[in-house]
Amino acid sequence: MTSIQDLTKRIKGYADEHRPNLHIIPDDLFLGLIIILVAFGSFGLGRLSKIESSKTPVQFENTTETSSEKVRPFPSTNATDNQLVASKNGTKYYYSWCTGVSKISPANLIHFGSKEEAEARGYT
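The sequence shown lines up with residues 3 to 126 when you count with our numbering.
Shown next, in the form of structure tokens:
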């Protein structure tokens with residue numbers, strides 16, 4: 003059996019053998035590197051605080067603006083008259099409120115009353 007004192011000597015001996023050699027860098031060079039790193043860190047933090055303080059906060063005002071453009075009410079899904087629209091030259095039908103309908107010329111518009119009617123005429 004080994005005593006506690008023998009164990010501490012073995013542990014300290016192992017630590018002394020495997021401890022990194024910190025005396026490779028001279029003390030003056032080490033102090034200079036520390037000063038340079040602190041200077042760069044301080045400069046970076048100062049720049050960061052200046053950038054953060056120069057940002058203006060976002061402010062919301064409760065003002066309502068009226069536009070001259072009329073707002074269309076959303077069409078009800080129960081309406082069956084002229085709900086579907088297609089182009090004479092195309093193969094697809096659209097709902098009348100779809101933005102793609104605005105690209106179809108009014109002369110080429112076809113109106114359908116139901117989905118079945120549009121599909122019966124060959125539109126998908």
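Every residue, glycine too, gets a C-beta built ideally from N, C-alpha and C. None of these values were measured; they are calculated from a predicted model.
Just measuring C-alpha positions, the residue of V103, P59, A109, S89 sitting nearest G124 is S89. The alpha-carbon of C100 is positioned some 14 Å away from that of S107. Per DSSP, the continuous beta strand (DSSP E) segment holding F114 begins and ends at 111-114. Under the three-state reduction of DSSP, Y16 is assigned to helix. Cβ atoms of L86 and K117 come within 8 Å of each other, at about 7 Å. By the C-beta density criterion, A120 is buried, having at least 16 other C-beta atoms within 10 angstroms. The three-state secondary structure of S44, taken from DSSP, is helix.
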